[in-house]
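Scroll down for the structure; my scribbles are underneath it.
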Amino acid sequence: MNVPASPASPASPAGFLAKFSAFRQFGARVGALSAPYFKSEDKWRARGLLLAIVVLNLGAVYMLVLLNEWNRVFYDALQNKDAAVFWTQLGRFTYLAFAFILIAVYRFYLTQLLEVRWRAWMTTHYLQRWLADHAFYKLELGRFTGAAKDALNTRDNPDNPDQRIQEDINLFTSYSISLSMGLLNAVVTLVSFVGILWSLSGAFAFTLGGTSYSIPGFMVWMAVLYCAAGSVLTHYIGRPQIRLNFLQQRYEADFRHHMVRVREYSEAIALDKGEAVERVHLDTRFAAVLANYLLLIRKQKNLVWFTNFFGQAAVVFPFIVAAPRFFSGAIQLGELMQIASAFGRVQDSLSWLVDNYSALAAWRATTDRLTSFEDNIAAITEQGRAQLAANSTANEASPLAGADTLAARDLTLALPSGATLLSGVSVQAAPGESVLVKGPSGSGKSTLFRALAGIWPFSRGQTQLPRDAMFIPQRPYFPDGALRDALAYPQPASHYSDDALKQALADALLPQLTSRLDDKDAWTQKLSGGEQQRLAIARVLLKKPAWIFADEATSALDEAAEKTLYEKLLAHVKSLHGGIVSIAHRPTAAAFHSRLWELEKLPPGGPVLYRLHESRPQQTL
17 MNVPASPASP ASPAGFLAKF SAFRQFGARV GALSAPYFKS EDKWRARGLL
67 LAIVVLNLGA VYMLVLLNEW NRVFYDALQN KDAAVFWTQL GRFTYLAFAF
117 ILIAVYRFYL TQLLEVRWRA WMTTHYLQRW LADHAFYKLE LGRFTGAAKD
167 ALNTRDNPDN PDQRIQEDIN LFTSYSISLS MGLLNAVVTL VSFVGILWSL
217 SGAFAFTLGG TSYSIPGFMV WMAVLYCAAG SVLTHYIGRP QIRLNFLQQR
267 YEADFRHHMV RVREYSEAIA LDKGEAVERV HLDTRFAAVL ANYLLLIRKQ
317 KNLVWFTNFF GQAAVVFPFI VAAPRFFSGA IQLGELMQIA SAFGRVQDSL
367 SWLVDNYSAL AAWRATTDRL TSFEDNIAAI TEQGRAQLAA NSTANEASPL
417 AGADTLAARD LTLALPSGAT LLSGVSVQAA PGESVLVKGP SGSGKSTLFR
467 ALAGIWPFSR GQTQLPRDAM FIPQRPYFPD GALRDALAYP QPASHYSDDA
517 LKQALADALL PQLTSRLDDK DAWTQKLSGG EQQRLAIARV LLKKPAWIFA
567 DEATSALDEA AEKTLYEKLL AHVKSLHGGI VSIAHRPTAA AFHSRLWELE
617 KLPPGGPVLY RLHESRPQQT L
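Using our numbering, read the sequence shown as starting at 17 and increasing by one per residue.
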């Protein structure tokens with residue numbers, strides 16, 4: 017019988033090697049996220065800012081060394097009641113403090129400037145990648161479907177890319193700079209003060225078993241032991257925060273995303289009287305937010321208990337250790353205060369992990385979310401390139417048709433779940449033809465359009481789209497803002513004259529909107545379904561493509577309006593020697609098309625759900 021191997025203990029060599037390997041992988045992923053900005057077109061400004069911040073941090077540590085030495089002289093003057101030295105040192109403190117303040121101000125300013133510039137570059141970079149190659153669309157396809165995720169080779173569920181770009185990048189740049197500069201400060205401070213503490217602390221002599229022992233630099237060793245014990249305990253107390261911070265960001269984003277959907281679909285929800293259901297959904301998501309947050313603050317409470325105890329004990333610890341030498345007269349008050357100050361700096365440096373563990377946990381969670389997002393984007397980009405290369409190679413080896421012809425050969429379409437919709441589809445439509453696509457709901461008509469457009473990732477085979485083509489989707493998108501921008505989208509409205517914009521609206525049976533080009537509104541919500549479809553057709557009439565692909569483009573119109581608009585569309589594509597391909601359920605739509613591609617359901621249990629066959633539509637009006 018095969019018994020699964022138990023996981024290696026963290027304390028075992030195998031466990032240590034596994035942790036070290038995981039740490040190296042994480043470090044490599046952090047480097048992959050951070051390095052591109054410092055190698056970008058803005059690299060010299062970025063590197064200059066980073067260098068200036070490092071120099072200012074080193075300057076701040078140097079000022080602390082000078083202030084530490086000032087402590088000894090100042091407190092010795094107090095003990096010796098030396099007024100002249102006292103006033104001299106007070107004047108010296110004035111310019112030391114001013115220099116320290118100047119360094120602190122510009123260190124803050126340049127750090128914030130680097131954070132803003134880094135965030136701006138990363139945001140632009142990821143927005144470009146998210147919007148390129150239809151990655152934003154493919155991420156949504158794989159969001160809730162495990163099979164789609166596997167098909168796209170994604171490592172993690174790509175939830176809420178908007179939150180990852182907007183919030184996670186901000187947190188990543190902020191934490192990366194603050195934590196790295198904090199670590200640099202800790203290391204430099206440790207190097208600067210450990211020698212001072214070593215020379216001041218003296219040796220600790222004791223006798224054990226009749227043998228005398230002496231430990232040089234006793235205060236240094238005590239600081240190391242004190243902070244090492246504190247760091248280990250902090251790690252084991254605070255480690256659960258990493259996962260909880262990761263989940264907190266996800267739950268917060270899910271809650272915010274659902275509220276945005278309620279706002280976007282407010283009319284439909286109101287008509288369906290779905291407020292109670294949406295309240296349940298929002299309450300469920302907010303309950304997850306609260307439950308995880310309460311668990312997170314309980315874990316944070318445990319860490320705060322320990323870190324506060326650790327910090328308060330560190331205040332008196334050096335006095336307790338150095339007190340015997342002070343009371344014996346071996347050192348004066350000034351030297352005692354200098355020892356306490358140096359010990360505090362060394363202890364602060366060695367306690368960097370203790371003091372920053374919560375921030376490190378949040379940074380780790382943010383980094384994990386960004387690296388998983390990066391993995392998803394990279395996988396989708398690679399999959400898209402492979403699909404495009406395969407299709408291009410096949411088309412070059414065996415061209416489908418002329419550049420103005422629509423064609424597909426051996427096309428296979430699958431659902432995100434993995435089920436095959438269509439297989440071995442080969443169709444062609446020449447200029448001057450009009451094709452009607454019919455079939456039951458869910459048979460893959462819109463999916464066929466997506467494959468022809470080149471955006472469906474679950475397709476194989478050769479496709480060729482005419483070079484001057486435009487799609488009218490079932491749910492056209494209109495950006496909020498001026499009507500002229502919604503009409504001209506995605507081109508700038510400045511590309512078209514007011515007369516052209518008004519003519520397109522009038523031709524699409526929207527004369528009432530011709531005087532509202534500069535009105536700003538949420539057009540998707542303010543216009544009726546029929547008006548939205550007419551506005552989408554107006555967009556086509558404005559841009560004048562040779563080929564039109566209309567997906568239920570007139571389903572919300574009355575028959576008279578449908579007839580008028582189809583006649584205009586047909587006349588338009590005929591004048592440009594193009595064609596039209598329509599998806600429609602209405603029998604009246606057949607009158608405007610000369611060919612029919614019909615999807616028929618196959619018997620259940622087979623490898624393919626539907627098949628496509630060609631015929632001529634029945635001319636019904």
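C-beta: ideal position from N, C-alpha, C; glycine also.
Check, Outcome
"Taking C-beta to C-beta, are W563 and G594 nearer than 8 Å?", "yes"
"Return the chain-ordered list of same chain residues with a C-beta closer than 6 Å to the C-beta of D288, the five sequence neighbours on each side being excluded.", "none"
"Taking the straight line between their C-alpha atoms, what separation do you get for L628 and S475?", "16 Å"
"To the nearest angstrom, how far is the alpha carbon of R277 from that of L143?", "21 Å"
"In this structure, how does DSSP classify A485 when only helix, strand and coil are distinguished?", "strand"
"For W214 and V121, what's the separation of their Cα atoms in angstroms?", "32 Å"
"Could you pull the start and end residues of the beta strand (DSSP E) that V597 belongs to?", "595-599"
"Which value, in whole angstroms, describes the spacing of the CA atoms of L49 and T387?", "7 Å"
"If you follow the beta strand (DSSP E) that H629 is in, where does it begin and where does it stop?", "626-631"
"Following the continuous alpha helix (DSSP H) through Q264, name the residue where it begins and the one where it ends.", "256-280"
"Should P334 go down as buried or exposed, given a rule of 16 or more other Cβ atoms within 10 Å for buried?", "buried"
"Hey, how far is the Cα of E398 from the Cα of I471?", "14 Å"
"Go ahead and label P432 buried or exposed: buried means 16 or more other beta carbons lie within 10 angstroms of its beta carbon, across all protein chains shown.", "buried"
"Around the Cβ of D567, are there at least 16 other Cβ atoms within 10 angstroms (buried) or fewer (exposed)?", "buried"
"What is the rounded straight-line gap between the Cα of V624 and the Cα of L438?", "6 Å"
"Buried or exposed: where does P232 fall if 16 or more other Cβ atoms within 10 Å of its Cβ makes it buried?", "exposed"
"Where A505 and P495 are concerned, what is the direct C-alpha to C-alpha distance, given to the nearest angstrom?", "Checking the sequence shown, residue 505 turns out to be Tyr, not Ala. Rounded to whole angstroms, Y505 to P495 spans 8 Å at the Cα level."
"Who are the Cβ neighbours of V441 in its own chain at under 7 Å, not counting the five residues just before and after it?", "A424, L427, L628"
"Using DSSP's beta-bridge definition, name the partner residues of K454.", "E614"
"Throw me the rounded Cβ distance for the A576 and D534 pair, which I believe falls under 8 Å.", "Between D534 and A576 the Cβ distance is about 31 Å, and since that is not below 8 Å, they are no contact."
"CB-CB under 6 Å to F90, same chain, minus the five flanking residues each way: which ones, in chain order?", "Q105"
"Do you know whose CA, among R385, N87, F114, S598, lies nearest D184's CA?", "R385"
"Hey, how far is the Cα of R61 from the Cα of L67?", "10 Å"
"With D364 as the anchor, note down where its alpha helix (DSSP H) starts and where it stops.", "349-366"
"For K315, which beta-bridge partners are listed by DSSP?", "Bridge partners of K315: none, in fact."
"Using only alpha-carbon positions, find the residue among H141, T127, V132 that is nearest to T57.", "In the sequence on display, residue 57 carries Glu and not Thr. Out of H141, T127, V132, H141 has the C-alpha closest to the C-alpha of E57."
"In the structure shown, what three-state DSSP assignment does D371 receive?", "helix"
"Just verifying my parser: in three-state terms, what is the DSSP assignment at F565?", "strand"
"Considering only the alpha carbon of each residue, which of D484, A467, M486, A569 lies closest to G477?", "A467"
"Would you decide whether G43 is buried or exposed? Buried here means 16 or more other CB atoms lie within 10 Å of its CB.", "exposed"
"Under the three-state reduction of DSSP, which class applies to T421: helix, strand or coil?", "coil"
"Quick check: the Cα distance between D537 and Q363, rounded to an integer number of angstroms?", "60 Å"
"Below 8 Å on the Cβ atoms is my guess for S598 versus L452; work out the distance and round it to an integer in Å.", "5 Å"
"When burial is assigned at 16 or more other CB atoms within 10 Å of the CB, is N324 buried or exposed?", "exposed"
"Just the C-alpha distance for A377 and Q549, rounded to the nearest angstrom, thanks.", "50 Å"
"Using 10 angstroms around the beta-carbon of H511, count the other beta-carbons present and answer buried if the total reaches 16, otherwise exposed.", "exposed"
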